[in-house]
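At position 213 of the sequence shown the residue is numbered 213 (the working numbering), and the sequence of numbers has no breaks.
A virtual CB, placed ideally from N, CA and C, is assigned to each residue, including glycine.
Here the structure is a predicted model, which is why all the values come from computation and not from measurement.
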Amino acid sequence: MEEKKIPYKIYLSEDEMPKAWYNVRADMTNKPAPLLDGKTMQPITAEELGKVFCEELVQQELDDTTAWFEIPEEIRNFYKMYRPSPLVRAYCLEEKLQTPAHIYYKFEGNNTSGSHKLNSAIAQAYYAKRQGLKGVTTETGAGQWGTALSMACAYLGLDCNVYMVRCSYEQKPFRREVMRTYGAHVTPSPSDTTAVGRKILEQFPGTSGSLGCAISEAVEAATSKEGYRYVLGSVLSQVLLHQTIIGLETQTALRKYDIKPDMIIGCAGGGSNVGGLFAPFAGEMLRGEANYQLIAVEPVSCPSLSRGVYRYDYCDTGAICPLQKMYTLGNGFIPAASHSGGLRYHGMSSIVSQLYDDGLIEARSVAQTDVFAAAQEFAKCEGILPAPESSHAIRVAMDEAIKCRETGEAKTIVFGLTGTGYFDMMAYGKHNDGAMTDYVPTDEELQRGFDSIPKFPGNE
Ligand SMILES: *Cc1c(COP(=O)(O)O)cnc(C)c1O
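Now the structure itself:
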């Protein structure tokens with residue numbers, strides 16, 4: 001059979017874009033464990049969750065049997081501004097690596113927010129709007145999520161309140177200003193606008209803030225104001241659901257050219273992009289239709305899957321969100337200060353965690369010096385300056401392609417390129433100065449994180 005010539009970029013037409021998100025939980029025999037109410041330790045009810053999150057999103061969060069959720073037309077129209085995203089054949093990288101492997105990447109950085117996060121931001125903002133809410137609140141660290149949410153809220157005319165960790169607010173003014181340009185209210189956290197913020201400021205005057213503290217403020221702001229709800233950019237199953245647009249488009253693009261991937265690789269922070277990329281392929285595996293090697297890549301300095309434990313833990317340091325069963329390093333785990341390569345989250349999506357526990361997904365951890373070396377090599381030949389987070393996947397894709405050079409195997413490798421790195425030039429600067437270091441946490445340090453996991457019967 002004659003091989004079809006594969007273009008550098010495989011684009012889909014608008015008609016070929018997915019019309020529904022895929023809920024992989026429907027095909028899982030072992031479902032992720034239910035979220036627990038932190039007060040009663042019982043599975044959380046839709047009513048309780050609805051006090052914090054939008055109604056429709058609560059339904060999506062709790063539903064583990066409906067396989068397909070139709071994407072509302074208004075969201076599909078928004079997607080059309082920057083999607084379908086291209087699946088790129090990395091011919092130049094293959095040439096540079098002198099590998100017989102075929103490498104493809106799904107590029108999600110083609111929008112102003114610079115990452116895949118917009119895929120879920122628009123969905124969450126849409127459901128808030130449809131519920132008749134005035135606005136949403138959230139937290140942001142470096143600012144990727146806050147930027148995506150600001151864009152989505154601006155489009156829909158929804159008020160957007162972002163609590164930004166104070167040190168990032170001061171040291172990373174660029175994303176802050178993108179958010180403000182899109183009309184978001186950005187408050188450095190801790191602030192005197194919430195009771196929890198005032199309490200923290202009283203206890204620790206001059207503190208530079210933390211993500212846990214910003215979450216606490218965002219949740220308080222949402223629950224104490226009429227017409228507001230809280231939204232989150234990763235970890236939750238609803239976010240992973242929205243991100244399946246990545247995997248579904250990838251699957252369609254591959255099928256168009258009869259390409260059968262051997263391995264699919266993605267970077268894992270809270271697990272939303274990697275889960276969304278893997279989901280349709282994991283679905284094929286769960287239904288016994290195909291087999292793939294699915295590899296989730298994380299930093300050695302924050303190895304939730306590869307060195308974490310599978311327990312119920314809080315999604316946030318402030319212990320405000322419900323308890324989720326997941327691979328975790330403990331809500332009190334803080335990655336080393338020398339870590340600037342992103343993906344700093346202590347836990348992992350419950351769906352990704354369960355698939356990993358069941359052996360459908362593998363995990364690899366990589367050192368940030370190797371990650372930035374891969375990022376630079378990739379940037380030089382593929383013309384995209386990748387986000388440090390995405391570069392974890394690039395590293396492993398390159399390693400696998402190099403293995404193919406050694407064994408002579410022509411494997412087909414697909415990886416997720418989640419975003420661009422224009423706002424990460426401080427980290428690139430460290431790499432360029434040769435000042436970047438690696439840190440592997442000791443077992444004792446990990447133990448201190450594990451000690452912060454709540455203890456109750458069945459969770460030891
Ligand atoms: C936030 C982010 C990630 C990690 O988040 P997940 O929820 O694990 O997908 C990866 N890449 C980029 C560019 C990001 O902004």
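Boundaries of the beta strand (DSSP E) around V366: 361-366. The beta-bridge partner set that DSSP reports for Y169 is empty. A residue is called buried once 16 or more other Cβ atoms fall within 10 Å of its Cβ, and M398 is buried on that count. Exposure of D443 is indicated by the presence of fewer than 16 other C-beta atoms within 10 angstroms of its C-beta. Runs of alpha helix (DSSP H) with 4 or more residues, each lying fully within the region 176-230, are found at 195-203, 211-224, listed in chain order. For C267, the enclosing beta strand (DSSP E) begins and ends at 263-267. Comparing C-alpha distances from A20 to each of F378, I453, P280, P188 shows the shortest one belongs to P280. The DSSP-derived three-state label of L118 is helix. Considered as a whole, the region 289-320 harbours 304-307 as its complete alpha helix (DSSP H) runs of no fewer than 4 residues, in chain order. Counting only runs that start and end inside the region 28-105, the alpha helix (DSSP H) elements of at least 4 residues fall at 46-50, 55-62, 73-82, 91-97.
Taking 8 Å as the cut-off, the C-beta of S13 does not count as close to any heavy atom of ligand 1.
Counting along the chain, the unbroken alpha helix (DSSP H) around T250 starts and ends at 237-256. One thing to note: T418 has its Cβ no nearer than 9 Å to the Cβ of G157.
Bounds of the beta strand (DSSP E) holding L323 are 323-328. Out of M263, L236, G288, the CA that lies nearest to the CA of G271 is found in L236.
Setting aside the 5 residues that flank it on each side, S208 is surrounded in the same chain by R166, C167, each with a C-beta closer than 6 Å to its C-beta; the list follows chain order. In this structure, A375 lies near P386, with their beta-carbon atoms less than 9 Å apart.
Going by beta carbons, A154 and G183 fall inside the 9 Å limit. DSSP, reduced to helix, strand and coil, places T437 outside both helices and strands of the structure shown, so it counts as coil.
Residue state for T137 is assigned as strand, using DSSP reduced to three classes. By the Cβ rule, the region 235-251 does not count as touching the region 353-373, because fewer than three pairs are nearer than 8 Å. Going by C-alpha positions, Y327 is about 5 Å away from G308.
Closest by C-alpha distance to S349, out of L35, I10, K9, K5, is L35.
When distances are taken from the beta-carbon of E389 to the heavy atoms of ligand 1, the shortest one is below 8 Å. When the beta-carbon positions are compared, M28 and D64 come within less than 9 Å of each other. The Cβ-Cβ distance between E217 and T187 falls below 9 Å.
For I10, the three-state secondary structure derived from DSSP is strand. Counting C-beta atoms within 10 angstroms of its own C-beta, D316 has 16 or more neighbours from the protein chains shown and is therefore classed as buried.
Within a 10 Å sphere around the beta-carbon of E139 sit 16 or more other beta-carbons, which makes this residue buried. In the DSSP assignment, A152 falls within the alpha helix (DSSP H) that extends over 144-156.
Secondary structure at M348: coil, using DSSP grouped into helix, strand and coil. Contact between the region 260-279 and the region 333-347 is established, with three or more Cβ pairs separated by less than 8 Å. Proximity of the region 250-264 to the region 222-233 falls short of the contact definition, fewer than three beta-carbon pairs being nearer than 8 Å. For F415, the pairing in a beta bridge is given by DSSP as Y105, I265. Taking 9 Å as the cut-off, the Cβ atoms of I103 and I384 do not count as close. One thing to note: A221 has its Cβ no nearer than 9 Å to the Cβ of T147.
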